[in-house]
Each structure stands twice: as structure tokens, then as C-alpha cells.
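Chains as they are written, first to last, in this note's numbering: chain L, 9 to 579; chain X, 9 to 579. A virtual CB, placed ideally from N, CA and C, is assigned to each residue, including glycine. Computed from a predicted model, the values in this text were never measured in an experiment. Written out below as C-alpha cells is the structure these notes cover.
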């Protein structure tokens, strides 16, 4: 590519709404531009990287025997009614009417469409197993689109769906896709971890997330120091440590204390000179039917995911201030005593006595509170997020968990017969009977892989793309703006490498060398060949490795050596 | 590809709503399936053909120096308000609100988005010219989606946009894209014609359509028998033949005649024993402001496109029965005398005297009608569609026009400054002044190219794909269902050809040979290698060319010869 005829849209400053490194760098490098909240243009350099990821995904899917199709992004609402998911999905599912007043949705995922397709096209066990995939745009009307293309509303997804005659077959298909995902992320040159995860809106019994590890990742991953266990914090189940009993065995009587304006756990702990682990938070949430309360130890965080699963509800979120007011619940001072809603309590509280809670009066807390005696507990359960130092939940394992941060780039699900049952999708089995398909589904966000690669690989000068994903692998930079020996030599090397099918660009723009170097670094091009009058006079050209920082000089006329050097670095 | 692990979804019957050959064949061949009106799944074989077209387009766009980007299909409504096109587009532009009540449209085309993009990213004449393209899904809420993917509502388009500093540059960019289009359709193996066309909703001064010629095509193309002229009937301007004066020079007086229930030109012509060319139709239309009438000779058809352009209105269509009633206009008996709306008259009428029209009374017509004397004419103009035998409109050309039918697969437009002015998109010119871009836009419907290829290339057995577009170029058919010598040999040849990167499939399904032959023919696979016990016993395999119908036998062990034969046929 001749950059003089190309669109290099680098910027000095990132926009003020770009919070994460990858969002900032992708905008600065001219890879993406926002045109509305969560809706982006991919500019030329961004699309080159996107296409490299897309091609790796397609090749590995084909190699794994998955069959490519293309489903529409405009999907009829009746399919969503059939599966029953139209209701569950909520406002993320963007609904609209066409000119004939028929109901449609922008597809956020395609379980319904593909189940309907396979049900219509596949008749018999003889045609199974089958795994179908597509690489296609989706829309999810996220309430808080953010982090650039990492959590966009419109995005491109590779979504695959497997159909099997039984559980054992589904297991095999799942493992096949799991392995294909490993090949994909390996080829992308990313450092990642496959972890157990929650199935969320997709449903099903079991799932794994592929996490690209990065300090700035949105997700928290917990891994055991003794066994292979690794899971998203959302879903890591907790083996409570029974040695952490607090409060003593003698129950004291509960009494109220004045705590003016102290609404946070830290305020109370400082004021009463206790640790935050001696305090119990009373969190009030709205669920499908009514309000509920959940008690969580002061130094722990609620896992909405776990509680939602435990309660088997479709909707669960913190109650708004308005709702609390309506029910006379005092925000910041809520406690379990005399609270007129069902109370769930985290297992960690089971071991506590004489603890501190809100008192349901403004500016007052209660001390010496005990469950059962002072308030009824609907149910104890595992409702909190795991933290560093928690015990590994695996049977017989005595390891402890430690956390790393990651970015979810892929997710594989065992669905069982969830969709085939609700949509009545069947095949004729060997015994002649109609049976429901055992399904799996498997997604990768293409743009998100690009963003995660940037989040994981960058420095103060910009992006440090893995070789496989860089917009160009090599850029030939003429450091002389004028037509002359440098530009001629640059063109000669460029033509030579292009002829050999290298992924090469020539920076022949009418710009200063500093601008060219900076753009190459920002864009994360792994190799730079710098050609200028000074080194040419010595019969040399300069070769810079973006990843190692190393700069070497080589004979300007030894094109074969240049090629060898490139091959060596690309290997 | 092993067809035993693939999804071959051929059908014996086409669905009842499939009117055209390509729609019927694409559904029967299992290439596409409807999931809602104008919304389709591409099944595996259909997608393979689709991707071949897509790849040819991408390669030729890149070769022509166009730069690929990816814009979203969800586009903010404010861009459409800025260009003013939101109003003009009407209901084809599907509008909706997101969860935050902001207005969006599903992009039917991307002039607005790309003009905004280039305006933001390109600052100076130094970065021009530039041609941007994408291959991306679109949505047009067509009132009558039909013909399968030929006129779908959701479809994939390659849309390109050129930006130049002046008219001369824009002309060059236009020619560059025009030539790229020729390369694309040449490589697809299609018979086509580039013709002058109307610019429709896209606007601009000048455009060409690329028409794939097929007897069943929706469009009528007129070409001159003496010069290079070729145009869509919608836009072909007419040089009226002055030798066709009818009615004589003596004006007779107008009188009414009873014509009970005769509402068609043919009825009247038969009844009065005159030719349909002696009758004048009075057509009533609704435009932006009010009703208008247009007079067209009985044997001619109105060109809505020409009249719309002449009147410079955004909306023009035949008045509904309801509207006619409200204005006391008698449907089927409308005439120009005493008609209280503006009357436009086609140039062909200018030459007529003493003609027959409706009388504005139920069951009556008027004879001996003459313009000016009997009714005022607002304006004469070229309002009719050209027909076979019309004179070539080119200056100094004495040729006559003849018609062929075609399918529009590509359209190139000169836009001038239409969008850059309305959206205030400018660059800094060499003199330092901000100027509007000169633009062009260039579209190809990817799915439509596939459908047009089918429409042009088929026979009683199915599709006869050009080699470049076939889902597979070669299929190895084992005619023996059982595991045995035939299947072993088939696998051997398959592996041999696959290793050499041929685009080959093996039909190893547990099906009868008849089914396999029929599916191969239906799917339009150009070459079949048939391997069965009978010919194997003679040391031979059979080779069938789908396009020529020729079957030859070759030595079963001479794999090199098989390869040579394939190369020869693919050449």
C-alpha cells in the first residue's frame, strides 16, 4: 500500500470520552471513529486489522468442520416470541415495526434464527452432527455503550451453533469448538485464559469464556494456585473458610447508635473502630415480582449474577432511590431488623454474630445484631463475589484463589435442549422418533478481539500489534520528503517485497520523518525499514523492530538480506 | 468439501411465491431461504457463490485503488436530516428509536455517513482524490419485496464513493470505477451491457447502470442499431418521428359517444374500429402538491421517471381510486375536456388531431378532440417510454432503437457537489479556500449479482453457473452408496485435487447416484467426475461437462490426465 494514496487518520489527542487505553489508541491511530453512542466507523487501518482477525476465525472454523451461512440482522419478532426470549432480553433487544406494521428485532444473537433454519433443513439423525457459523453484524441496545468498539451497540460477531443427537455428541461438538477457539487466539498472538463462566441471557447449563489477559480488563478472573480451576468472578462458587467466625459465641443484645451522615461501610468502620468485615450491608433489589434484600459482609461485593441465578428471575437490579422512598426504606441506613421484605443472606454471614447493620432510621445503625433472633432469613446462599485468598471451590483441592483481570473475547455455551424444546425443533432419530436437538453456541466478537489485542499490547508510543494482526507487517519509510535517491530506493524495496507478497506499506507521504516514525509506532507496525540520505551515503538502510526496539543497519543493495531479516523477525 | 458433512438443502419443488427462474432455482438448489418478506438466509451453497462474487469485487476495488472501510447499518437520523434526504426517501428508509429515544435509520445507502467521514478525516487537496468503499449489509423497506434476493429488503451492497477537487477529477474517478465494474462483471463470466440511466433517489447529474442481459430481466434496455447508444427505457429520451401525424389537418368538432363499460384502450379501439394509436389516455397522478393529468398516446406507456424529473417533484404516483372519487373524476372515462387540473401532454400527442379521449362521464368517450381548441395544455414534453423502432436520440444519428431485457446489478453515479453542499463538506484547496468535494458513488448488489447470474444461466436441469461463480468447480461423485472400490477411488481423486487447491467437493452422501447427479446439475457445478463400479471395471472414470453436456471417459489411474482435463475445461 502506498500511504500517499491511503487514509492515515492519526490524531495527536484522544477524545475526552475515551476512558480505556485501547479506545484512546484506536481513535488516535485512526482505526475507528464514533458516529453515535456505541456505533462506529472502521477506518481503513482499523478494518485491515479487523479483516485479519476475521480471516483467522474463518479459516479455523472451516478447519473445524463448521459450515458458513449468512443470516439477516433484521429478524422477525415471532421467532423471539416462539423461544420466549423476546421478554427476557429486555430493552437490549431493539424492536421496531416495518412499513407494513410487522414486528421485527435487530438480531443481538441468532439462536432463534439458526434453530428455525436447521429445523427446516435437517430432517434426520443421518445429517447430524452439524455446526453452522456466520460472521455477521449484530445490534445490542446496551444502556451504557463504552470503551470504543469493546462494548459497542453495533458489532460484528462470529456466532456458531452446533446441533447433535444427544448429550455426548453435544459434548464432543463443544470440545471441538473449544479447541478451535484456542487455535484462533493462539494464531492471533494473544495471551489468554479459558475460564468457567455464567451463561447469562443465552442460557444453558455450562459455559467457558476466553479471556484476553490485560491489567485494564473489565472482567475479574480467579485461578487456583494448586489446580486447573479458573473462572469469571461472576460465577466462581465459594467454599467459605470456617475459621473466619467473628463476633464471639455469646449473643449480646442489639442496640441503636447515632451515626450521623455515615452511609458507607468505611465511615462506620472508622467511627466504631471495627474492621469492615464486622459490618453487614443490607442491599435492596428489585426483581421480577417485588423487592428483596440481601445481606453481604462489609468487605465483600454482591454477585448479581449468582443471586439472579439462585432466585431464578429474569430481572434483578439495585432498587432506585424512588422505589426505596415509596417503601419507606432509608437509603444508607437500611438494616434487616423490622424490614418488611424477604431477606437473603450470604453464606459468609452465617458465621457472624453480634454484627453491625443499618437500623432503618436516618442517621442510626444497630450493634449486636444476630440473624434468626433479630430477623428472619429466607435463605442463606453463595451470593458474593470471590476475592483473592478465597479457597478453591474444587472438591479435595486445598489451593487458594488469586485474581487477574481479563477481557472476554469469546464465549462457548452448552445449551442442551433449551431452544430446541421451546421452538419445537426436532429430527427423526434412528428409532424413527422425533427428538429435540442438543445444541451448543459459540461466539467471538471480532472488533472486540482487535480492541483486546490493543489493550494487551501497547506502550507509551502506541500499539504493539502481534505480527498476525498488525495493519501492515512492514513499512518502508522514506525519510526524505523530496523526490530523490531515498524515495527511489524506498520504491525499489517496496516493489521487491510487494512482488514477494509481503504485507508491506510504503510511507511516501509528503511528511517529515518524525511524523512517519510516530505514525508507524502508533499504528503498531512491527517492522520499519528507514531509508534516508545519511545512511544511504554510507550504503546502508536502517531496520527497526517495534516490538524489541532494536535498530540495525544493513547493506542497501542486499535486497535478499533485507528479505531474510524480515523473515527472521516475522518467524 | 465432503458433502456427507455438509448442508445440501435441495428441494424438488419451488415455493409458490417464487415467480422468477432465479428465485425458484436458488430456493430449489438450497442456496437461500426466506425468513420474512424480503429477508433471507443464505444457506451454505448460496453463501459460497456470494463470497466468490464478494471476493472478485474486493480484488477489483483494491486494484482500482479504492480503500475499504466499514460503516454501520444503524445510522443516526441527524445525518439524514442534514442532507435533507430523510424526507425525500419516504418509507423505504426504515426509521426507529433506540432505548434512549434517539432517532436512527437502517442505512439504505451511505452517502451521508461517508461524506461526514471524509469531511472529518480529509483536510486538504493534498489527500485527494480518494475513493472509499465497503461491502456491507443495507436495508430498504421496499413496498413490494420480490424475486428472492433480487429485490430483497435486507441485502449486501458494495458501495463506493469518490471525492475529488473538481469536475475533471470526478470524471476521472468515475471512469476508473466504470472500468473496475467492467473487470468485475467480466471476471464473473456474465453477459452485460453498461447503459445510461436515471439517478433516482441518489441524485446527481449522470449515471450508468450495468445490466446483466436476460430475457426475464425486470428492466428494459434500448440500444441503437447504428451507434453506441444504450439506455434504460426509464431514461431514454425520444426523438419523435414527425412522419407519424395522425387525424388529418381538418379539425372536426368534438362529440360524445356511448361506450358502456369500455375502460381500456383495447375496448375502445375494437369498438370504434380504430388503432390504439388514435386514442389518447388521460392519466391522473398525485404529486407533491396536487393532482395533475398527463396525456399519453393509447399505444404508449407513461415514464413516471421522466415526468417526475420534468416536474421536479419528490413524489409522483398514480392517484388512488379514493382520491379520484373525491375530485369527481370518473375512473376509466377520464378525459382532458373540462378537467379542472393541470394537463401535461406527451410530445407524441402534439402530432395528433381529431383524437379519441374519455369524456369525464361514466360510459362515454369523446371523438374529434383537439388540444388547445378543446382543452389547455400546461406543457408538452417527453413523457413516454421508448419502444422498439423509436429513433435513436443521438444528434445526427439515423439509427433506430431495439429493446433487450436486463437486470441491474451495478450503478455508477456522478453526484457533483449535491451532498458536499447540503452537508457543508469541504477541503482546503491549493489557494487556501474551503471548497466542496466533487463526488461520485458506485454500487453493486452482491446477492443480486448471484441471482442475475442464475437468471442468465440455467436450463431445464437447473443452474449453469459460470466457472468463476459456481459453489464448487468440480464434484467427485461416487455412484456406489456402499463403502467399496468406488468410494475409495473417489476419495483418492478428491484428496489429490484438494491437495492441489482445486475447488472440489466429493459427494460421499448415502444417496442414490440419480440424486447426486440431479443435485450437481441443479447447483450448477460445471464439472462432474463420476466414479462407479461399471466404468471402474473397465479401468475408466466418467467426466461430465455441465455446460457443454459432453461426457468423456478417462483412465482411472491417470490422475495427472484428470487434472489436465480439468485445467483444460476450467481455462
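- Residue 41 of chain L: not part of any alpha helix (DSSP H); member of the beta strand (DSSP E) spanning 40-44, first to last residue.
- Positions of the alpha helix (DSSP H) runs, each at least 4 residues long and wholly inside the stretch 396-442 of chain X, are given as 426-430 in order along the chain.
- With 16 or more other Cβ atoms from the protein chains shown falling within 10 Å of its own Cβ, residue 120 of chain X counts as buried.
- Closest in alpha carbon position to residue 315 of chain X, among X/378, X/258, X/271 and X/390, is X/390.
- Runs of the alpha helix (DSSP H) lying entirely within the stretch 114-166 of chain X and spanning at least 4 residues, in chain order: 119-129.
- Under DSSP, residue 354 of chain X takes part in a beta bridge, and its partners are X/389.
- When C-beta distances to chain L are compared with 7 Å, the residues of the stretch 79-100 of chain X below that value are 79, 80, 81, 82, 84 and 99, in chain order.
- Contact with chain L is absent for residue 68 of chain X, since none of that chain's Cβ atoms lies less than 9 Å from the residue's Cβ.
- 110, 112, 114, 121, 124, 125, 128, 129, 130 and 134: these are the residues of the stretch 109-134 of chain L whose beta carbon lies less than 8 Å from some beta carbon of chain X, given in chain order.
- The beta carbon of residue 17 of chain X sits closer than 9 Å to some beta carbon of chain L.
- Here the alpha carbons of residue 97 of chain X and residue 109 of chain L stand approximately 18 Å from one another.
- With contacts defined by Cβ atoms closer than 9 Å, residue 560 of chain X and residue 573 of chain X form a contacting pair.
- Looking at the DSSP output, residue 552 of chain L sits in a beta bridge with L/536 and L/559.
- The contact set of residue 48 of chain L on chain X, defined by CB atoms closer than 8 Å, consists of 80 in chain order.
- At least one CB atom of chain L sits nearer than 9 Å to the CB of residue 58 of chain X.
- Between the stretch 516-534 of chain X and the stretch 548-564 of chain X there are three or more C-beta pairs closer than 8 Å, enough to call the two in contact.
- Taking 9 Å as the cut-off, the Cβ atoms of residue 539 of chain X and residue 564 of chain X count as close.
- The beta carbon of residue 311 of chain L is closer than 7 Å to those of 242, 391, 392 and 393 in its chain, skipping five residues each way along the sequence.
- Pairing residue 190 of chain X with residue 167 of chain X gives a Cβ-Cβ distance that is not under 9 Å.
- Burial state of residue 267 of chain X is buried, judged by a 10 Å Cβ sphere holding 16 or more other Cβ atoms.
- Taken in chain order, the complete alpha helix (DSSP H) segments of 4 residues or longer contained in the stretch 57-99 of chain X are 85-91 and 93-97.
- Around the C-beta of residue 223 of chain X, fewer than 16 other C-beta atoms lie within 10 Å, and the residue is accordingly described as exposed.
- Per DSSP, residue 525 of chain X is one residue of the alpha helix (DSSP H) stretching across 521-530.
- Between residue 186 of chain L and residue 229 of chain L, the alpha-carbon positions lie close to 18 Å from each other.
- Around residue 77 of chain L, the beta-carbon contacts reaching into chain X at under 9 Å are 15, 49, 50, 51, 52, 54 and 55.
- Judged by DSSP in its simplified three-state form, residue 105 of chain X adopts strand.
- For residue 499 of chain L, the enclosing alpha helix (DSSP H) stretches over residues 493-507.
- Taking 9 Å as the Cβ-Cβ cut-off, the stretch 548-578 of chain L has no residue approaching chain X.
- Ranking X/445, X/89 and X/465 by CA distance to the CA of residue 178 of chain X puts X/445 first.
- In the displayed model, residue 275 of chain X falls within a helix according to three-state DSSP.
- DSSP places residue 18 of chain X in the coil class of the three-state scheme, outside both helix and strand.
- Less than 9 Å separates the beta-carbon of residue 514 of chain L from that of residue 9 of chain L.
- Look at the beta carbons and you see the stretch 334-347 of chain L touching the stretch 359-373 of chain L: at least three pairs across the two are nearer than 8 Å.
- Non-local C-beta neighbours of residue 128 of chain X in its own chain, meaning closer than 6 Å and more than five positions away in sequence, are absent.
- Excluding the 5 residues flanking it on each side, residue 495 of chain L has same chain C-beta neighbours closer than 7 Å at 486, 488 and 516, in chain order.
- The C-alpha of residue 139 of chain L is placed about 52 Å away from the C-alpha of residue 274 of chain L.
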